[in-house]
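Order-wise, the sequence lines are chains A and B.
Using the working numbering, the first residue of the first sequence is number 181, and each one after it goes up by one.
Using the working numbering, the first residue of the second sequence is number 1438, and each one after it goes up by one.
We put the CB at the ideal spot given by N, CA and C, even for glycine.
Owing to the predicted nature of the structure, the values given are computational and were not obtained by experimental measurement.
Here the structure comes first, spelled out in structure tokens, and everything after it is commentary.
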Amino acid sequence: QITLKDSGPTLVKPTQTLTLTCTFSGFSLSTGGVGVGWIRQPPGKALEWLALIYWDDDKRYSPSLKSRLTITKDTSKNQVVLTMTNLDPVDTATYYCAHTNYYSGSYSFDYWGQGTLVTVSS
Amino acid sequence: QSALTQPPSASGSPGQSVTISCTGTSSDVGGYNYVSWYQQHPGKAPKLMIYEVTKRPSGVPDRFSGSKSGNTASLTVSGLQAEDEADYYCSSYVGSNNPVLFGGGTKLTVL
């Protein structure tokens, strides 16, 4: 059974760096084709894809946020970490991590974490 | 890259069918067979309903179907049920440097 749990601070000040952790079970990020992505959703607004990391450490970023994002994986801990620098109140959103498989359902996310609401405010 | 275009709202009565569109360009929806659809109930995480334009994950009722024509993808929900009332989002592959682009979402109301 695949599960993901996204976690991070609930309140961050403007200009600070946000670090989010996705801890998962039921799959390994060393298995061919497997990936974990991050998606966010501002309150009352649409989903926005942020970043994606694959089993082979291939990384992809949203072009509009690329300069502010870093995604890494720790296969031994079954974790994926997303950092976002220079936060602004517009970054207030629920952040989700999600599982994907390049060889099955490419570029779709079939399992999602429960989401973590991050508020950016001074 | 602008979001894919979805109607803000759609509605239908129980038992009816409703179709939600997702319009992009030849660089995204029209260029690849990697369109996905997600259902999201209030306060919940999205749930994958359709992937690769027409495929249903295990456990998704066959009342949900996907299709594509040119630069527009569509999600059809047949035999509408009360529990289908939710927000629906499409997404498409755009290219190796920007693999996922979401639509603006459609709120489906079951009358």
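Contact list for residue i against chain B, beta-carbon separation under 7 Å
i	result
A:Arg248	In chain order: nothing, as chain B lies at least about 15 Å away.
A:Gly285	Tyr1488, Glu1489
Below-9 Å beta-carbon distance, residue i vs any chain B residue
i	result
A:Phe204	no
A:Ser242	yes
A:Phe207	no
A:Leu200	no
Residue nearest to residue i in terms of C-alpha spacing, selected from the options
i	options	result
A:Thr183	A:Thr274, A:Arg240, A:Gln294, A:Ser284	A:Gln294
A:Thr201	A:Asp186, A:Leu209, A:Gly212, A:Thr190	A:Asp186
A:Ser286	B:Tyr1471, B:Ile1487, B:Lys1492	B:Tyr1471
A:Asp238	A:Trp292, A:Ser301, A:Leu297, A:Val216	A:Val216
B:Pro1482	A:Gln259, A:Asp290, A:Val300	Looking at the sequence provided, one finds Ala at residue 1482 of chain B rather than Pro. Out of A:Gln259, A:Asp290, A:Val300, A:Asp290 has the C-alpha closest to the C-alpha of B:Ala1482.
A:Glu228	B:Thr1460, B:Ser1450, B:Ala1440	B:Ala1440
B:Pro1536	A:Arg248, A:Tyr276, A:Leu245, A:Tyr241	A:Tyr241
A:Trp218	A:Ser210, A:Leu191, A:Thr250, A:Ser284	A:Thr250
B:Pro1445	B:Gly1532, B:Leu1517, B:Cys1527, B:Ser1533	B:Cys1527
A:Ser178	B:Arg1500, B:Asn1508, B:Thr1491, B:Thr1462	In the structure as shown, chain A starts at 181 and stops at 302, and residue 178 of chain A therefore has no counterpart that could be examined.
A:Ile233	B:Asn1534, B:Gly1467, B:Pro1498	B:Asn1534
A:Thr299	A:Leu209, A:Gly212, A:Gln221, A:Trp292	A:Gln221
Partners in chain B for residue i, counting only beta-carbon separations shorter than 8 Å
i	result
A:Ser226	The identity of residue 226 of chain A in the sequence shown is Ala, whereas the question assumes Ser. Those within 8 Å of A:Ala226 in chain B are Ala1440, Tyr1526, Phe1539, Gly1540, Gly1541, Gly1542.
A:Leu232	Pro1536, Val1537
A:Tyr276	Ala1482, Pro1483
A:Gly217	Val1537
Cutoff 9 Å: residue i Cβ touching any chain A Cβ
i	result
B:Pro1536	yes
B:Ser1529	yes
Under 9 Å from the C-beta of residue i: neighbouring residues of chain B
i	result
A:Trp229	Ser1528, Asn1535, Pro1536, Val1537, Leu1538, Phe1539
TODO: Kindly confirm or deny that the region 1473-1480 of chain B and the region 255-264 of chain A touch, where touching means at least three C-beta pairs closer than 8 Å.
DONE: no
Task: Within 7 Å of chain A by C-beta, residues of the region 1466-1493 of chain B in sequence order - done: Tyr1471, Ser1473, Ala1482, Pro1483, Leu1485, Tyr1488, Glu1489
Task: Where the region 287-301 of chain A meets chain B: residues whose CB sits under 9 Å from a CB there - done: Tyr287, Ser288, Phe289, Asp290, Tyr291, Trp292, Gly293, Gln294, Gly295
Open item on the list: Within 8 Å, do at least three Cβ pairs link the region 1511-1526 of chain B to the region 1448-1464 of chain B?
Closed with: yes
Open item on the list: Tell me whether the region 203-222 of chain A and the region 242-260 of chain A touch, counting them as touching only if at least three CB pairs, one residue from each stretch, are closer than 8 Å.
Closed with: yes
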